[in-house]
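Visitor: Below is the structure I would like to discuss, written out as structure tokens.
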Amino acid sequence: MCVPDSDAWAALLSVIRRHLNTFTDADHAQLISFVEDWSRGVSWQTLYPDGAKDAASIVLELLPKVDDYRPKDQRERLLKILAKLPLTVREQYV
Numbered sequence: 099m100c101v102p103d104s105d106a107w108a109a110l111l112s113v114i115r116r117h118l119n120t121f122t123d124a125d126h127a128q129l130i131s132f133v134e135d136w137s138r139g140v141s142w143q144t145l146y147p148d149g150a151k152d153a154a155s156i157v158l159e160l161l162p163k164v165d166d167y168r169p170k171d172q173r174e175r176l177l178k179i180l181a182k183l184p185l186t187v188r189e190q191y192v
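Note that the sequence shown ends on residue 192 in my numbering; no numbers are left out.
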């Protein structure tokens, strides 16, 4: 399994977050996969890698858009990413 380790991941997450409203519902699966791939870099050694805030923002934006008509695993995948970033999510809502 590859673990993201370059600055490009954070830069791309930032671009995606800023332009998230330009993506369509058909893009959700690819966006989820991208953030999921980035989240492989979260570990006990690197709790909040660069891009964590952008990743959490993207996931929080996508979560309500993944409804009952989409595969259930998309919602679960998004929640697993959020579970890796508890303090980042808390900062956005507190």
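Quick reminder that beta carbons are idealized off the backbone N, C-alpha and C, glycines included.
Hey, how far is the Cα of Lys182 from the Cα of Leu158?
Guide: Translated into positions along the sequence shown, residue 182 becomes position 84. Translated into positions along the sequence shown, residue 158 becomes position 60. If I take the Cα positions, the gap works out to 13 angstroms.
Visitor: Is it buried or exposed for Arg116, if we count other Cβ within 10 angstroms and need 16 for buried?
Guide: Counting from 1 along the sequence shown, the entry for residue 116 is found at position 18. Arg116 should be labelled exposed.
Visitor: Taking the alpha-carbon positions, what's the Ile130 to Ser137 distance?
Guide: For this step, residue 130 is matched to residue 32 along the sequence shown. For this step, residue 137 is matched to residue 39 along the sequence shown. Whole-angstrom Cα-Cα distance: 10 angstroms.
Visitor: Around the Cβ of Leu160, are there at least 16 other Cβ atoms within 10 angstroms (buried) or fewer (exposed)?
Guide: Residue mapping note: residue 160 aligns to position 62 of the sequence shown, counting from 1. With 16 or more other Cβ atoms within 10 Å, it is buried.
Visitor: Using 7 angstroms as the threshold, is the C-beta distance between Leu185 and Asp152 below it?
Guide: For the purposes of this step, residue 185 is identified with residue 87 of the sequence shown, where counting begins at 1. For the purposes of this step, residue 152 is identified with residue 54 of the sequence shown, where counting begins at 1. The answer is no: Cβ separation not under 7 angstroms.
Visitor: Quick one: using the 10 Å Cβ neighbour count with 16 as the cut-off for buried, is Pro162 buried or exposed?
Guide: By 1-based counting over the sequence shown, the position of residue 162 is 64. So Pro162 ends up on the exposed side.
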